[in-house]
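Have a look at the structure below before the remarks.
Numbering (this note's numbering), first residue to last: 558 to 742.
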């Protein structure tokens, strides 16, 4: 099983706006392409977002976006009824040896834009990220279960970082023009 977007649309019904056939896409997208239908599938996969790796438990954490986009060509003088798909975002924990998915959690919120869910993993087995709906989220890095979240009422696009002052760890994250810093126990 590939941890990335697994299928590419290669057949498309203009009357129903549905995929009529598809094929497997390999993990590095070598065989992803523009199809004759005008759709590019998969559009993004995992190539925009900052990732995290735990040298202790060994998962590799990536944000993935699975959707197709319309191929627009200038000069043809023809309108297209193809629409970009909304798609789905996930935060995934991958086995670096096999590429298998240990766990994944869907990202709640807007799918517009490609840059969300940048991750930070700590030595205490906690994974932090900012989700598309503006929450700072902490997950158990071993199973992906939520431990804590904080609604920021803003957009969390940059990667969280960590630092220590007087032996106490902190996790700051930029939210819009503000820096929020959360103290850990």
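The beta carbon of each residue, even a glycine, is placed where N, CA and C say it ideally should be. Computed from a predicted structure; not experimentally measured.
According to DSSP, residues forming a beta bridge with residue i
{"i": "residue 646", "result": "622"}
{"i": "residue 703", "result": "696"}
{"i": "residue 660", "result": "650"}
{"i": "residue 708", "result": "692"}
{"i": "residue 730", "result": "737"}
{"i": "residue 609", "result": "618"}
{"i": "residue 683", "result": "697"}
Within 8 Å, strictly: CB atoms of residue i and residue j
{"i": "residue 689", "j": "residue 645", "result": "no"}
{"i": "residue 607", "j": "residue 676", "result": "yes"}
{"i": "residue 702", "j": "residue 682", "result": "no"}
{"i": "residue 708", "j": "residue 731", "result": "no"}
{"i": "residue 648", "j": "residue 680", "result": "no"}
Supposed close pair residue i, residue j - CB separation, criterion 8 Å
{"i": "residue 706", "j": "residue 722", "result": "At roughly 24 Å, the Cβ-Cβ gap does not stay under 8 Å, so residue 706 and residue 722 are not in contact."}
Pairwise C-alpha distance: residue j and residue i
{"i": "residue 622", "j": "residue 740", "result": "31 Å"}
{"i": "residue 655", "j": "residue 678", "result": "20 Å"}
{"i": "residue 587", "j": "residue 657", "result": "Unreliable positioning characterises residue 587 in this predicted model, as indicated by a pLDDT of 46, which lies under 50. A coordinate reading is not provided."}
{"i": "residue 738", "j": "residue 609", "result": "19 Å"}
{"i": "residue 736", "j": "residue 724", "result": "21 Å"}
{"i": "residue 611", "j": "residue 617", "result": "7 Å"}
{"i": "residue 615", "j": "residue 659", "result": "11 Å"}
{"i": "residue 742", "j": "residue 728", "result": "11 Å"}
{"i": "residue 696", "j": "residue 717", "result": "14 Å"}
{"i": "residue 663", "j": "residue 613", "result": "24 Å"}
{"i": "residue 685", "j": "residue 710", "result": "17 Å"}
{"i": "residue 691", "j": "residue 734", "result": "13 Å"}
{"i": "residue 719", "j": "residue 704", "result": "18 Å"}
{"i": "residue 712", "j": "residue 726", "result": "23 Å"}
{"i": "residue 652", "j": "residue 687", "result": "22 Å"}
Test: residue i CB closer than 8 Å to a CB of chain D
{"i": "residue 705", "result": "Considering every chain present, this structure includes no chain D. It has just one protein chain."}
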